[in-house]
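Enquirer: In order, the protein sequences belong to chains S and P. With the working numbering as the guide, the letters of the first sequence map in order to residues 1 to 148. With the working numbering as the guide, the letters of the second sequence map in order to residues 149 to 287. Idealized CB from N, CA, C, for every residue including glycine. Here the structure is a predicted model, which means the values were calculated and not measured.
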Amino acid sequence: MFKLLATAALALVLADTVQAQQTAAEEPDTPILDGNTLGLFADGTWDCNDAAGNYLGAIVVADLSYAFINPDATVGKYGKLNKDTWVDAPGFIIPSGEVKDRFGGIGMIVKGPLEHPEDYRDRNKLRLQIIITAETFLQCARRQGPAT
Amino acid sequence: MFKLLATAAVALVLSSAAKAEDELDSNIPGVTADGTWDCNDTSGTYLGAIVIADRSYAFVDADGTVGSYGKLNQVSYGAAPSFVVLGGALQEKLGVVAMHVQGPPGHEMDFSDWSKLVLYVAVTDTNKFQCVQRRGSAT
């Protein structure tokens, strides 16, 4: 039941993404890049802030599991991720764990920079957007290192 | 059968850590392997990054693409996180059997400084490479 509701909510939130892609597809000057074709992935450590810029902690994504690391470096709860396969960039429904229980997160999706959410070309500017409601998000930045 | 062999291997690999356990109580809450670890081989060549979350890992190649995924079985040798590696690029490409978290070289049982923890990745008892945790806001 939760999965159904979460899927529906995520579908609503992502509807503007799909609409933007369709609109942009009619405009050849707008670069629309297929996230899957580019080999995008959510795996890694993402540092997250709330809307006011307060540091909330880090989400570590590996395959279909995640760990939450608190700001004091202690581990929060673990959770599972259900892959949402109908979007180009990696998207997941969050059925359990700290992000769901503490922040009310229902889904997460990899996006480009705020000013160009569908532009995935610069890996260093990718965001992990945590979806709380259709209008409320947490923004996470990938922790940089040699491999990114 | 593989699990049995791997468990035996990890017991050998971790035996030195177990012997040193009396030096310092390593049962410090919050020591975790979760996160992104950047790995070099013994000659210092960058191999890629291991991303661990719970009992799953992803291996990110040196060029930033995802290698493959694998599962981890946690074992209870010592108080710090230790795992037998089941599947994925670490096992299939690099021949890894196990990994465990230690303190910095020379102070292997000192887990007090998070930023200095080392992930030891064992191919055999004598063939190991080291990974350091990618630092950021949470460390």
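Is there a C-beta anywhere in chain P that falls below 8 Å from the one on A67 of chain S?
Expert: Looking up residue 67 of chain S in the first sequence gives position 67. Output row for A67 of chain S: interface = yes.
Enquirer: Can you tell which of S:P71, S:N70, S:Y78, S:A89 has the C-alpha that lies nearest to the C-alpha of G112 of chain S?
Expert: Your numbering for residue 112 of chain S matches position 112 in the first sequence. G112 of chain S has its Cα closest to that of S:A89, out of S:P71, S:N70, S:Y78, S:A89.
Enquirer: Hey, does T74 of chain S have any beta-carbon neighbour from chain P nearer than 8 Å?
Expert: Numbered from its first residue, the first sequence carries residue 74 of chain S at position 74. Yes, T74 of chain S lies at the interface with chain P (some Cβ there is under 8 Å from its Cβ).
Enquirer: With DSSP collapsed to three states, give me the class of S191 of chain P.
Expert: Start at 1 with the first residue of the second sequence, and residue 191 of chain P comes out as number 43. Coil at S191 of chain P, not helix or strand.
Enquirer: Are three or more beta carbon pairs between the region 211-222 of chain P and the region 256-266 of chain P nearer than 8 Å?
Expert: no
Enquirer: For the region 177-198 of chain P, enumerate the residues whose C-beta is nearer than 7 Å to any C-beta of chain S, in chain order.
Expert: G178, T180, D182, G183, T184, D186, Y194, G196, A197
Enquirer: In the DSSP assignment, find the unbroken beta strand (DSSP E) run with K80 of chain S in it and report its ends.
Expert: The residue you call residue 80 of chain S lines up with position 80 of the first sequence. Segment 75-80, the beta strand (DSSP E) holding K80 of chain S.
Enquirer: For the region 83-127 of chain S, list the beta strand (DSSP E) runs that are entirely contained and at least 3 residues long, ordered along the chain.
Expert: 91-93, 107-111
Enquirer: Would you please verify whether the beta carbon of V61 of chain S is less than 8 Å from any beta carbon of chain P?
Expert: For the purposes of this step, residue 61 of chain S is taken as residue 61 along the first sequence, with counting starting at 1. By this cut-off, V61 of chain S is an interface position.
Enquirer: Leaving out five residues before and five after A206 of chain P in sequence, what residues of the same chain have Cβ atoms less than 7 Å from its Cβ?
Expert: Looking up residue 206 of chain P in the second sequence gives position 58. Closer than 7 Å at Cβ, skipping near neighbours: V199, V214, Y217.
Enquirer: May I ask which residues mark the beginning and end of the alpha helix (DSSP H) holding A237 of chain P?
Expert: Position 89 of the second sequence, counting from 1, holds the residue named residue 237 of chain P. Per DSSP, A237 of chain P belongs to the alpha helix (DSSP H) from 237-240.
Enquirer: Mind the definition here: the region 264-279 of chain P touches the region 38-55 of chain S only if three or more C-beta pairs lie below 8 Å; say whether that holds.
Expert: no
Enquirer: First and last residue of the beta strand (DSSP E) that includes R203 of chain P?
Expert: To locate residue 203 of chain P, count along the second sequence from 1; it is residue 55. Segment: none, R203 of chain P is in no beta strand (DSSP E) and carries neither H nor E.
Enquirer: Any C-beta of chain S sitting closer than 8 Å to the C-beta of T272 of chain P?
Expert: Counting from 1 along the second sequence, the entry for residue 272 of chain P is found at position 124. With 8 Å as the cut-off, T272 of chain P does not count as an interface residue toward chain S.
Enquirer: Which first and last residues belong to the beta strand (DSSP E) in which Q222 of chain P is found?
Expert: As a working note, residue 222 of chain P is residue 74 in the second sequence. Element bounds for Q222 of chain P: 214-223.
Enquirer: Could you tell me whether the Cβ of V232 of chain P comes closer than 8 Å to any Cβ of chain S?
Expert: What you label residue 232 of chain P is simply residue 84 of the second sequence in a count that begins at 1. Answer no: the Cβ-Cβ gap between V232 of chain P and chain S never drops below 8 Å.
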